[in-house]
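Enquirer: In the working numbering, the protein residues as written are 47 to 497.
Think of the CB as a built atom: it goes at the ideal place given N, C-alpha and C, for glycine as much as any other residue.
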């Protein structure tokens, strides 16, 4: 006889239970002893599938879902049928055991994979939130830098690049917070859940051995943390979280924050350069103003000192008679140490010579300055009326000079320049020495006092 024992697990259990009851009724016994016998046989088969069976040489053939049992060396037909049905139910129980084991392994594997995937999704979500918070810090820093940069006259194109980078980071923050965290697709083969065909009694039942799915290795490129010198870049980048998960929205946000940090640093550098330049310019202007003030103060002090000295020099020779002044009581201009004059006259002649040299490139040529009383007498004797009466000459008190060279000749540019500028330095051309005067002497000039 033949029994169908294939199909789903529930169907097989139904066949198992109903067949046991029918066998008990047909054999004329109660169902309980037969059920105990069948259960004992199933337990034995589960532990020793493929081993020898005492006093029973059976061949179990599985083909197209139909199990055939042939019994040999039995005493009664009913006993053979009972044994055959019991063995058929036992063999079907082996299939049920295997099917349950496969299902349990698949469920355990799926549970482990679900736990690992849930942990990964939680890690991605936490990394996104941390990156979004750090990105907001970068945005706030960029806004503060931009506010100060606007006051520092940073070029508009530099500020525009910062604004664009900041807006991009803001958009990506909103996208990262709104984007769902996508579960990964399993890379392993699907676990077999269908029960295989019933095997022969002597063939061992091999249950599949599986391991939980291994998640992909973390992608190191997702961590965008740059090691830079301590500048404003570090203030932004060091706030970024350490990321060890592969998540495209997160990687894009971190890259944008990195670009924002670069733009922030560029604007900061430009603002700092402008600030330093402004400070230097202000310091320079202040230094110039201070120097000018100091110079003016020095000039004022020098002028006061000079004026006081000039007042003193104007009376320095009052105690001496004309033509009888010692050399130690007089001074020489810096450009000609052979000239002797009253000290204030020598100082002003030196200033006149500086202007003359600046105009013509050479110093004044002086032929005569202080003239002693003996010199005045000799001049009167040799030149007659061209020389003043001894003891009355301006040369005798150190207040007159006679020039030589171009400045001493009428009609020259140098002589005309002298006529135009000598008064600026306290010197003059006496009217009697002019071409229209009583004694024309184009070379003669006299000192009248500091202006």
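Mind checking who residue 450 pairs with in its DSSP beta bridge?
Expert: 411, per the DSSP bridge assignment.
Enquirer: Please tell me whether residue 417 and residue 441 are closer than 8 Å, where the distance is taken between their beta carbons.
Expert: Cβ atoms of residue 417 and residue 441: closer than 8 Å.
Enquirer: Enumerated in chain order, which unbroken segments of the beta strand (DSSP E) with a length of 3 residues or greater are wholly contained in the region 294-368?
Expert: Counting only runs of 3 or more, we get nothing.
Enquirer: DSSP on residue 275, reduced to helix/strand/coil?
Expert: Unreliable positioning characterises residue 275 in this predicted model, as indicated by a pLDDT of 33, which lies under 50. The coordinate reading is nonetheless provided below. Coil, per DSSP.
Enquirer: Using a 10 Å radius around the Cβ and a threshold of 16 neighbouring Cβ atoms, would you call residue 444 buried or exposed?
Expert: Residue 444 comes out buried.
Enquirer: What's the call for residue 478, buried or exposed, on a 16-neighbour Cβ count within 10 Å?
Expert: With fewer than 16 Cβ atoms within 10 Å of its Cβ, residue 478 is classed as exposed.
Enquirer: Going by the DSSP bridge assignment, what does residue 473 pair with across the sheet?
Expert: Answer by DSSP bridge pairing, in chain order: 493.
Enquirer: Given a cut-off of 8 Å, decide if residue 492 and residue 473 are closer than it, judged by their beta-carbon atoms.
Expert: Yes, they are a contact pair.
Enquirer: Take residue 300 as the anchor and find which of 150, 376, 211, 421 has the nearest alpha-carbon.
Expert: When only C-alpha atoms are compared, the closest one is 211.
Enquirer: For the pair the region 347-361 and the region 454-466, tell me if three or more CB-CB distances fall below 8 Å.
Expert: No, the region 347-361 does not touch the region 454-466.
Enquirer: How big is the Cα-Cα spacing for residue 148 and residue 157?
Expert: Roughly 14 Å between the two C-alpha positions.
Enquirer: Are the beta-carbon atoms of residue 390 and residue 496 separated by less than 8 Å?
Expert: Yes. Within cutoff.
Enquirer: Does DSSP classify residue 383 as helix, strand or coil?
Expert: Here residue 383 sits in coil by DSSP.
Enquirer: Only counting the same chain, and skipping five residues up and downstream in sequence, which positions put a Cβ closer than 8 Å to that of residue 205?
Expert: For residue 205, where only same-chain residues beyond five positions count, the Cβ hits under 8 Å are 192, 195, 196, 313.
Enquirer: For the alpha helix (DSSP H) that contains residue 215, what are its first and last residues?
Expert: Where residue 215 is concerned, the enclosing alpha helix (DSSP H) stretches over 202-224.
Enquirer: What does DSSP give as the partner residues of residue 377 in its beta bridges?
Expert: Answer is 387, bridged to residue 377.
Enquirer: When DSSP labels each residue in this structure, what does residue 484 get in the three-state scheme?
Expert: The answer is coil: DSSP assigns residue 484 none of H, G, I, E or B.
Enquirer: Relative to the C-alpha of residue 213, which candidate in 171, 305, 198 has its C-alpha closest?
Expert: The option with the nearest alpha carbon to residue 213 is 305.
Enquirer: What is the rounded straight-line gap between the Cα of residue 170 and the Cα of residue 226?
Expert: Each residue's alpha carbon lies about 10 Å from the other.
Enquirer: State the DSSP-derived secondary structure class of residue 198, mapped to helix, strand or coil.
Expert: Looking at residue 198 - three-state DSSP - the assignment turns out to be coil, as it is neither helix nor strand.
Enquirer: Can you give me the start and stop residues for the alpha helix (DSSP H) that residue 467 sits inside?
Expert: Start and end: 459-467.
Enquirer: Relative to the C-alpha of residue 183, which candidate in 447, 386, 395, 310 has its C-alpha closest?
Expert: Taking only the C-alpha atoms, the option nearest residue 183 is 310.
Enquirer: Using the three-state DSSP reduction, which class does residue 435 fall into: helix, strand or coil?
Expert: Reduced to three states, the DSSP call for residue 435 is coil.
Enquirer: Please work out which residues of its chain come closer than 6 Å, Cβ to Cβ, to residue 381, disregarding the five sequence neighbours upstream and downstream, and give them in chain order.
Expert: Cβ neighbours of residue 381 beyond the five flanking positions: 399, 409.
Enquirer: Tell me whether residue 395 is buried or exposed, calling it buried when 16 or more other Cβ atoms sit within 10 Å of its Cβ.
Expert: Result: buried.
Enquirer: On the criterion of 16 or more Cβ atoms from any shown chain inside 10 Å, does residue 470 qualify as buried, or is it exposed?
Expert: Per the 10 Å Cβ criterion, exposed.
Enquirer: Residue range of the alpha helix (DSSP H) that residue 429 falls in?
Expert: Start and end: 419-429.
Enquirer: When you compare the CB positions of residue 316 and residue 200, do they come within less than 8 Å of one another, or not?
Expert: Yes.
Enquirer: Looking at the structure shown, is residue 416 part of a helix, part of a strand, or coil, going by DSSP?
Expert: Three-state result, residue 416: coil.
Enquirer: What do you reckon, are the CB atoms on residue 422 and residue 365 nearer than 8 Å?
Expert: Cβ atoms of residue 422 and residue 365: not closer than 8 Å.
Enquirer: Taking the C-alpha atoms as reference points, what is the distance between residue 392 and residue 334?
Expert: When rounded, the distance between both Cα atoms is 33 Å.
Enquirer: Where does residue 455 fall in DSSP's three states?
Expert: Note: residue 455 maps to coil in three-state DSSP.
Enquirer: Helix or strand or just coil, what does DSSP make of residue 185?
Expert: Correct three-state label for residue 185: helix.
Enquirer: I'd like the list of long-range same chain contacts for residue 490, defined as Cβ closer than 6 Å, with 5 residues on each side in sequence excluded.
Expert: Excluding sequence neighbours, residue 490 sits near 448, 479.
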